[in-house]
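To start, the structure itself, in structure tokens.
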Amino acid sequence: MSATIVPERTRTRAPAKAPTPPGRGLSRKRRRAGLLMVAPAVLHSLIWIGIPLVAAVVLSFTSYDVLTPPRFVGLANFQDLLGDQVFRRAVLNTSVYTFFTVPVAMGIALLIALMLNTKLAGRAIFRTAIFIPQVTATIAVALVWLWIYDPRSGLANAILSFLGLDGPAWLSSTTWAMPAVIVVGIWQGIGLKMLIYLAALQSLPTDLYEAASVDGASKVRQFFSLTVPLLRPATFFVFVTSVIGAFQSFDQVYILTDGGPANSTTMMTYEIYKSAFREFRMGYACAQSLVLFAMLLILTLVNRRITGGDRGTR
Amino acid sequence: MAPVDTVGRARAGRVALYLTLTAISLVMIVPFVWMLLTSVKTPGDIAAVPPRLFPTKWAFGNYIDALHAAPFATYARNSFVIAISHTLLNVVIASMAGYALARLRFRGSALIFLGFVGALMIPTYTKILPEFLIVRFMPLFGGNDITGQGGTGWLDTWWALIIPGAVSPFSVFLFRQFYLDLPVELEEAARLDGLGELGIYARIMTPLVKPAFITVALLTFESSWNNFLWPLLVTKSDSLRVIQVGLSVFRTENDTQWAFLMAGTTLATVPMVVLFLIGQRYFVQGFATAGIK
């Protein structure tokens with residue numbers, strides 16, 4: 001980005017000496033104004049996004065504890081990653097968590113959106129109720145869920161015992177901790193997915209459905225042959241943003257389980273945090289963060305292929 | 001098929017639809033109700049097995065006691081100051097950038113826009129470690145020399161809490177989308193009237209995209225208020241703690257004080273719920289615009 005700005009500035013100054021036709025002078029003024037107006041944002045992004053990205057790549061080839069200067073170690077961090085059982089577990093956990101909080105939750109969200117896409121009194125109330133968890137802080141709601149999952153006095157087991165079931169010790173059980181974290185993830189994220197699907201459903205062309213009805217296509221047939229393909233851009237968008245969100249879940253794990261018990265809920269983000277700020281292995285943490293980045297990129301590209309990307313969204 | 005039958009079936013379907021939606025909405029709301037009810041329970045009610053839904057005695061004094069147990073008011077004030085700063089900085093800086101990229105096409109502007117879109121793709125967790133190091137080694141601050149050695153830089157300062165979040169590529173992106181839709185005639189008329197480019201942006205075009213400003217402001221405020229990891233990493237002292245970090249620290253130090261903790265989480269969530277209820281239209285627009293337009 002800086003490379004494009006610097007020559008641009010010199011360019012705008014150079015022709016100033018020669019008399020310029022009013023049209024060109026105007027466009028020069030506009031260019032100048034444009035550069036001035038975009039400069040603060042570009043500068044900020046260079047410092048806080050551009051440099052960090054380059055630094056993360058460079059540091060991933062070093063051993064660095066913050067206190068002593070980084071030491072070049074080649075591919076050692078990446079080699080260590082391959083043998084890191086806990087990180088492997090984190091990749092697996094992140095994938096399981098993403099599977100349930102993205103594709104599965106998207107299916108539920110689409111069902112809710114279909115239900116809300118009817119003439120319905122009180123629709124706004126339902127929509128608001130379902131969306132509210134999205135705007136509240138994950139830390140705060142995770143604390144509420146921590147209390148809900150309390151084995152003795154929590155709401156979850158109270159409801160289960162009301163139904164005659166014996167509730168597990170949720171967050172301290174290697175079997176149930178992950179499902180408990182997933183429930184919080186689905187609960188908090190489903191509102192946004194539903195909302196985007198609802199917006200997309202409301203903008204579908206009605207004439208196509210009328211034509212399909214005239215042709216005698218059943219509702220189910222219409223859903224699979226019309227609605228699903230027409231929702232592709234929305235599906236692509238929801239999928240990509242949700243996967244980015246799910247891969248970066250951290251707050252709920254921090255509050256609910258601290259990655260435990262026995263690493264059963266640790267995530268890639270959690271391992272990055274632990275490597276960097278509990279073990280002070282910055283280089284290793286950067287290597288881990290690049291794996292996260294690479295996985296996200298691959299998932300986005302694969303999804304673009306499958307759904308045909310965001311063609312037609314704008 | 002008799003028409004009565006169809007009507008009957010349609011009505012049954014409607015009832016089922018309402019029941020399902022009510023059940024789903026309840027599941028979404030119950031944790032908040034549980035939080036509110038717990039926040040006004042006495043220790044005896046909280047320890048009850050099985051738990052009671054409603055308190056036997058409404059202990060509204062819990063809120064006052066919670067403020068004594070931990071400086072939640074200070075935490076909330078800090079969060080508020082940071083969220084307001086981020087909102088103002090984002091609205092000003094990102095709207096200028098979004099306007100320039102949408103209306104004042106210049107050589108390199110397409111590339112700059114591509115840069116912002118690319119920046120959206122970079123995960124927080126890839127940026128956050130180097131960002132921490134930049135803050136830590138900020139030259140000439142916090143006892144650091146010109147090479148960034150010797151002190152603690154911006155760690156545990158307002159700078160670290162505010163500056164890195166001053167502009168988000170998402171805000172720039174959103175503003176550009178909104179400015180794109182404005183008619184070019186307005187801009188040209190103002191130009192003929194001799195208004196400068198900055199004046200056109202500030203006085204002609206910006207008043208026309210007020211919804212964009214409200215949307216970006218609300219979304220920025222929300223994400224800033226809810227942010228956890230960054231303030232956790234860069235602050236140490238109690239006086240600079242934000243509400244989310246304050247809550248998590250209070251929990252580790254007072255493991256069983258659920259009433260106080262729920263009073264604190266109420267303080268942390270209610271402002272966002274209220275803000276959402278007031279500005280729902282803009283939230284919805286903001287969340288949906290980025291993808292579908």
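Those protein sequences? They're chains A and B, same order as listed.
Just so we're aligned: 304 in UniProt numbering is position 304 of the first sequence, and the numbers increase by one with no gaps anywhere.
Just so we're aligned: 195 in UniProt numbering is position 195 of the second sequence, and the numbers increase by one with no gaps anywhere.
Note that beta-carbon positions come from the ideal geometry of N, C-alpha and C, so glycine has one too.
- Around serine 95/B, the same chain offers Phe175 as residues with beta carbons nearer than 6 Å, after the five sequence neighbours per side are excluded.
- Put simply, the backbone Cα of glycine 115/B is about 48 Å away from that of aspartate 215/A.
- Under the 10 Å beta carbon count, isoleucine 298/A is surrounded by fewer than 16 other beta carbons and is classified as exposed.
- With contacts defined as CB atoms closer than 8 Å, isoleucine 122/B and phenylalanine 293/A qualify as a contacting pair.
- By the CB criterion at 8 Å, serine 39/B and alanine 212/B fall outside the cutoff.
- Taking 8 Å as the cut-off, the Cβ atoms of proline 164/B and tryptophan 48/A count as close.
- Interface criterion not met: the Cβ of leucine 81/A is under 8 Å from no Cβ in chain B.
- Phenylalanine 54/B sits in coil when the DSSP states are folded into three classes, being neither helix nor strand.
- Taking all protein chains in view, the Cβ of lysine 193/A is crowded by 16 or more other Cβ atoms within 10 Å, so the residue is classified as buried.
- Among the residues of the stretch 144–171 of chain B, those with a Cβ less than 7 Å away from any Cβ of chain A are Pro164, Ala166, Val167, Pro169, in the order of the chain.
- Inclusion of valine 141/A and glutamine 188/A in the CB contact set at 8 Å is warranted, their separation being smaller than that value.
- Excluding residues up to 5 positions away in sequence, Phe250 lie with their Cβ nearer than 6 Å to the Cβ of alanine 70/B in the same chain.
- Counting only residues of its own chain and dropping the five nearest sequence neighbours on each side, glycine 259/A has a CB closer than 7 Å to the CB of Val253, Thr265, Thr266, Tyr270.
- Leucine 155/B and glycine 148/B have their C-alpha atoms some 12 Å from each other.
- For arginine 176/B, the nearest beta carbon of chain A is not closer than 8 Å to its own beta carbon.
- Within chain A, no residue has its beta carbon less than 8 Å from that of arginine 11/B; the closest one is some 14 Å off.
- With 16 or more other Cβ atoms inside 10 Å of its own Cβ, threonine 138/A counts as buried.
- Taking 8 Å as the cut-off, the beta carbon of glycine 153/B is found closer than this to the beta carbon of phenylalanine 137/B.
- With a cut-off of 8 Å on Cβ pairs, the stretch 277–288 of chain A is not in contact with the stretch 125–138 of chain A, counting fewer than three such pairs.
- For a Cβ distance threshold of 8 Å, residue set Ser153 of chain A lies close to alanine 48/B, ordered along the chain.
- Residue pairing by DSSP places serine 63/A opposite Arg71/A in a beta bridge.
- Sequence-distant Cβ neighbours of isoleucine 112/A in its own chain, meaning closer than 7 Å and more than five residues away, are Ile130, Met194.
- In its own chain, leaving out the 5 sequence neighbours on each side, no residue places its CB closer than 7 Å to the CB of alanine 23/B.
- When secondary structure is reduced to three states using DSSP, aspartate 251/A falls in the helix class.
- Distance check between glycine 74/A and each of Ser60/A, Gln288/A, Pro229/A, Ala56/A places Ser60/A closest, using alpha-carbon atoms only.
- Just so you know, the alpha carbons of alanine 268/B and alanine 76/B end up roughly 7 Å apart.
- Closest in C-alpha terms to leucine 17/B, from the list Phe126/A, Val228/A, Asn157/A, Leu256/A, comes Phe126/A.
- Proline 169/B sits in a helix when the DSSP states are folded into three classes.
- Take the alpha-carbon of alanine 100/B and the one of tyrosine 209/A: they are about 42 Å apart.
- Listed along chain A is no residue with a C-beta nearer than 9 Å to that of leucine 19/B; the closest approach is about 11 Å.
- For tyrosine 201/B, the nearest CB of chain A lies under 8 Å from its own CB, placing it at the interface with that chain.
- At a cut-off of 8 Å between C-beta atoms, serine 161/A counts as an interface residue with respect to chain B.
- In terms of Cβ geometry, alanine 59/B and lysine 41/B form a close pair [threshold 8 Å].
- The alpha helix (DSSP H) runs lying completely inside the stretch 195–238 of chain A and spanning 4 residues or more are 206–214, 219–222, given in chain order.
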